[in-house]
Amino acid sequence: MAVDQAIREQIAADLWTAERTATAIDRPTDAHADLDVVDAYEIQLINIRKRLGGGAEVAGHKVGLASEAMQKMMGVDEPDYGHLLDDMQYYEKTPIDTARLCFPRVEVEVGFILGQDLPGEDCTNDDVIDAVEWVVPSIELIDSRIRDWKITLCDTIADNASSCGWILGEQRVAIDDIDTGDIDASLVRNGEVVAKGNSSAVLGHPLNAVSWLARKVEGFGVRLRKGDVILPGTATRAFDIAPGDHFVAEFAGLGTVTLDFD
Numbered sequence: 000m001a002v003d004q005a006i007r008e009q010i011a012a013d014l015w016t017a018e019r020t021a022t023a024i025d026r027p028t029d030a031h032a033d034l035d036v037v038d039a040y041e042i043q044l045i046n047i048r049k050r051l052g053g054g055a056e057v058a059g060h061k062v063g064l065a066s067e068a069m070q071k072m073m074g075v076d077e078p079d080y081g082h083l084l085d086d087m088q089y090y091e092k093t094p095i096d097t098a099r100l101c102f103p104r105v106e107v108e109v110g111f112i113l114g115q116d117l118p119g120e121d122c123t124n125d126d127v128i129d130a131v132e133w134v135v136p137s138i139e140l141i142d143s144r145i146r147d148w149k150i151t152l153c154d155t156i157a158d159n160a161s162s163c164g165w166i167l168g169e170q171r172v173a174i175d176d177i178d179t180g181d182i183d184a185s186l187v188r189n190g191e192v193v194a195k196g197n198s199s200a201v202l203g204h205p206l207n208a209v210s211w212l213a214r215k216v217e218g219f220g221v222r223l224r225k226g227d228v229i230l231p232g233t234a235t236r237a238f239d240i241a242p243g244d245h246f247v248a249e250f251a252g253l254g255t256v257t258l259d260f261d
């Protein structure tokens, strides 16, 4: 390991406190330049296991920084990955309290719900097609517990891939009934279209992101299971949130999902 377990535990504790107090911290890689991706994911898992011990359950997984736009925005050159827990789910028509968050942003995503488990290290796109039960309109709420979003790949992975919450729209479409690699999407904020994109921006095809994720996390003893929600990444850049904002994500052939902030 690049850093010892005591340092991993300390970084995890700092991130835990930062999230619960909505008080951002300096990025861990500034103090620990030798922190690597394996360290970062083990730090993430420390806090995930702590939340599971407190009663939360794994509801799915996410890929972040999967588009060129997001990688350029954040200054990284590969995706990150994190857990979605049931206590991170938000709902349409239920406003979110921005005071509980550090630097929240909204991402538009074509989501998947698995109808069966995915294989791990040998997972292919065909396996994903066979396993997906529903394609769904979704928004991911991201939030960096690291000051001003000044992060490296290892910082964001340690911080559960900067994940904060997830929201699903009501519509469900069978994967055979829609071309998931060519879904136009737009984000409307307070009545104004602020972003347009296409699902092909997500690693060339969002299925590439899901199969990559299944292979990546298998080495950490994590599998993508039946019932999991999988968010493969956003087709556009992320957008900052201000109190009172109303967002609508619209997906061609897939419906809409809305999100409000106090």
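Residues in the sequence shown are numbered consecutively from 0, following numbering that gives the first Met the number 0.
Don't be surprised by glycine CBs; every beta carbon is placed ideally from N, CA and C.
Under DSSP, R19 forms no beta bridge with any residue. For E41, the enclosing alpha helix (DSSP H) has its first and last residue at 36-52. Here R7 has D38, E41, I42, I45 as same chain residues with Cβ atoms under 7 Å from its own Cβ, once five neighbours each way along the sequence are excluded. Within the same chain, K61, G63, D79, Y80, G81 come within 7 Å of A160 by CB-CB distance, once the 5 residues on both sides are set aside. Of the residues T155, S143, D25, R26, the one whose Cα lies closest to the Cα of V75 is T155.
At a Cβ-Cβ threshold of 8 Å, V209 and F111 count as neighbours.
The Cβ-Cβ distance between E139 and L258 does not fall below 8 Å. Shown here for G196: same chain residues with a beta carbon closer than 6 Å to its own, the five before and five after excluded, namely A184, A234, T235 in chain order. If you look at R99, you'll find it isn't in any alpha helix (DSSP H); DSSP assigns it neither H nor E. Contact between the segment 210-219 and the segment 143-154 is absent, with fewer than three C-beta pairs closer than 8 Å. As the crow flies, the alpha-carbon of A17 is around 26 Å from that of K71. Per DSSP, V134 lies in no alpha helix (DSSP H) segment; the continuous beta strand (DSSP E) that holds it begins and ends at 131-142.
Beyond the five residues adjoining it in sequence on each side, R214 comes within less than 6 Å, by CB distance, of E120, C122 in the same chain, given in chain order. Assignment of A248 by DSSP, reduced to helix, strand and coil, places it in the strand class. Annotation for W15: N46, K49 place their beta carbon closer than 8 Å to its own, counting only its chain and skipping 5 residues before and after. In the structure shown, C163 falls within a strand segment according to DSSP collapsed to helix, strand and coil.
Apart from sequence neighbours up to five positions away, the residues of its chain that approach T22 with a beta-carbon distance below 8 Å are T16, C101, ordered along the chain.
For the 8 Å CB-CB criterion, I240 and P27 do not form a contact.
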